[in-house]
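Beneath this line is the structure, given in structure tokens, with notes to follow.
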Amino acid sequence: MQNKIIVVGIGPGNPDYIVPKGLNAIKQAKFLVGGRRALSHFAVDGQETCPITADIQGVMDFVRGKLQQADVVAMVSGDPGYYSLLDALRREFPAEQITVIPGISAMQYAFARLALPWHDATLASFHGRTPSAEEIAYKPGKMLGLLTDSQHNSQTIAKILMKAGWPSEQPLHICSRLSYEDEKIITTTLQEAETLPLYNHCILIAGNMS
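Heads up, the sequence shown is in full-length UniProt numbering, so the first residue is 1 and it goes up one at a time.
Given below as structure tokens:
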């Protein structure tokens, strides 16, 4: 039987938010791939690990080599289906060789913390990319959930949204350090966000939320 790549979503950060099946797969792994922080939290003695770095091809080579011996478990933040290593794995390996155990994405968690349904929200990412004008364009009643990075943060994105037609008084939730003890959720407006301390690698939710 062909060995599998098991991609486990480890949730927004706090280990309490990983599903039991994913945690069990991680514990039983002989070969474990993940970010350095995830490996420090979950790896145990006897496992051979590979950190996910900018050298994605190196990670793919590790996975390919170890698959000849056993399953390889790859831990990814949030949910594997939402901007994760799963994209690269799908380009390198057949879908039939990949098993995905879903997790709670930071986006999903942010909407949950605000007690907001998100089935009508538009989701986009400024994390290492630029959304299309259509994705972030304003229209009345639109709710927008955004991933951020160090360059595109709560201040710079607020400016971008106002240039895209969003009213300056539009509500904005800045959701930082989600699921951790120092979690912070700030409710402000797009205009006021420019004057507040900047937050990066967080979730921004803009729009009328009544």
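In this text, a Cβ means the ideal position worked out from N, Cα and C, and glycines have one as well.
None of these values were measured; they are calculated from a predicted model.
(message) Assess contact between the segment 148-157 and the segment 177-185, defined as three or more Cβ pairs (one per stretch) separated by less than 8 Å. Is contact present?
(response) no
(message) When you compare the CB positions of Thr187 and His173, do they come within less than 8 Å of one another, or not?
(response) As a working mapping, residue 187 is identified with position 187 in the sequence shown. As a working mapping, residue 173 is identified with position 173 in the sequence shown. Cβ atoms of Thr187 and His173: closer than 8 Å.
(request) Taking Arg37 as the reference, give the member of Thr53, Phe31 and Gln47 with the closest Cα. (result) Taking the sequence shown and counting its residues from 1, one reaches residue 37 at position 37. Comparing Cα-Cα distances from Arg37 to each of Thr53, Phe31 and Gln47, the minimum goes to Thr53.
(message) Measuring alpha carbon to alpha carbon, tell me which residue in Gly34, Gly103 and Ala124 is nearest Gly58.
(response) Within the sequence shown, the letter at position 58 stands for residue 58. The candidate whose alpha carbon is nearest that of Gly58 is Gly34.
(request) Spell out the partners DSSP gives Lys184 in its beta bridges. (result) Here the question's residue 184 lines up with position 184 in the sequence shown. Answer by DSSP bridge pairing, in chain order: Ser176.
(message) Please report the distance separating the alpha-carbon of Ile5 from that of Glu48.
(response) To locate residue 5, count along the sequence shown from 1; it is residue 5. To locate residue 48, count along the sequence shown from 1; it is residue 48. The alpha-carbon atoms of Ile5 and Glu48 are separated by roughly 15 Å.
(request) Kindly indicate the opening and closing residues of the alpha helix (DSSP H) around Gly58. (result) To locate residue 58, count along the sequence shown from 1; it is residue 58. Element bounds for Gly58: Ile56 to Lys66.
(request) Please say whether Leu178 and Tyr83 have beta carbons closer to each other than 8 Å? (result) Sequence index remark: in the sequence shown, residue 83 carries index 83 (1-based). Sequence index remark: in the sequence shown, residue 178 carries index 178 (1-based). No, they are not a contact pair.
(message) Using a Cβ-Cβ cutoff of less than 8 Å, which residues in the same chain neighbour Gln191 once the five nearest sequence positions on both sides are dropped?
(response) In the sequence shown, residue 191 corresponds to position 191, counting from 1. Counting only Cβ-Cβ distances below 8 Å, and skipping sequence neighbours, we find Ala158, Met162, Ser168 and Glu169.
(message) For Tyr17, which residues in the same chain have their Cβ closer than 6 Å to its Cβ, ignoring the five residues on either side in sequence?
(response) Within the sequence shown, the letter at position 17 stands for residue 17. Around Tyr17: Gly11, Ile104 and Ser179.
(request) Could you name the residues that DSSP lists as bridge partners for Cys50? (result) On the sequence shown, residue 50 is found 50 positions in, with the first residue counted as 1. In DSSP, Cys50 forms a bridge with Val33.
(message) Looking only at its chain, what residues have a beta carbon closer than 6 Å to the beta carbon of Phe42, apart from the 5 residues adjacent to it on each side?
(response) Taking the first residue of the sequence shown as position 1, residue 42 is located at position 42. Cβ neighbours of Phe42 beyond the five flanking positions: Ile26.
(message) Let me make sure I understand the geometry here. Which of Arg113, Arg91, Leu86 and Lys139 has the alpha-carbon closest to that of Ile101?
(response) For the purposes of this step, residue 101 is identified with residue 101 of the sequence shown, where counting begins at 1. Here the closest residue by C-alpha is Leu86.
(request) Keeping to the same chain, check which residues put their C-beta closer than 8 Å to that of Thr148; ignore five residues upstream and five downstream. (result) Your numbering for residue 148 matches position 148 in the sequence shown. Taken in chain order, the residues that qualify are Phe126, His127, Ser154, Ile157, Tyr199, Asn200, His201, Cys202, Ile203 and Leu204.
(request) Quick one: give me the first and last residue of the beta strand (DSSP E) that Ile104 is part of. (result) On the sequence shown, position 104 is the one that residue 104 refers to. Counting along the chain, Ile104 falls outside any beta strand (DSSP E), and DSSP gives it neither H nor E.
(request) Could you give the DSSP three-state label for Leu23: helix, strand or coil? (result) For the purposes of this step, residue 23 is identified with residue 23 of the sequence shown, where counting begins at 1. It is helical.
(request) Might you give, ordered along the chain, the residues of its own chain that have their beta carbon closer than 7 Å to the beta carbon of Gly22, omitting 5 neighbours on each side? (result) In the sequence shown, counting from the first residue as 1, residue 22 sits at position 22. Hits under 7 Å: Val8, Gly9, Ile10, Ile101 and Gly103.
(request) Could you tell me which of Ser132, Leu114 and Pro15 sits nearest to Cys175, measuring between CA atoms? (result) Mapped onto the sequence shown, residue 175 falls at position 175. The option with the nearest alpha carbon to Cys175 is Leu114.
(request) Return the chain-ordered list of same chain residues with a C-beta closer than 7 Å to the C-beta of residue 227, the five sequence neighbours on each side being excluded. (result) This structure does not reach residue 227, given that the chain is present from 1 up to 210, and the question cannot be answered.
(request) Ignore the nearest five residues each way along the sequence and tell me which others in Asn3's own chain have a CB closer than 7 Å to its CB. (result) The count along the sequence shown starts at 1 and reaches residue 3 at position 3. These residues qualify, in order along the chain: Leu67, Ala70 and Asp71.
(message) With a threshold of 8 Å between beta-carbons, can Ile18 be considered close to chain D, or not?
(response) Among the chains in the structure shown there is no chain D, since it carries only a single protein chain.
(request) Report all residues from its chain with a CB closer than 7 Å to the CB of Lys142; omit the five preceding and five following residues, and keep chain order. (result) Counting from 1 along the sequence shown, the entry for residue 142 is found at position 142. Cβ neighbours of Lys142 beyond the five flanking positions: Thr122 and Gly207.
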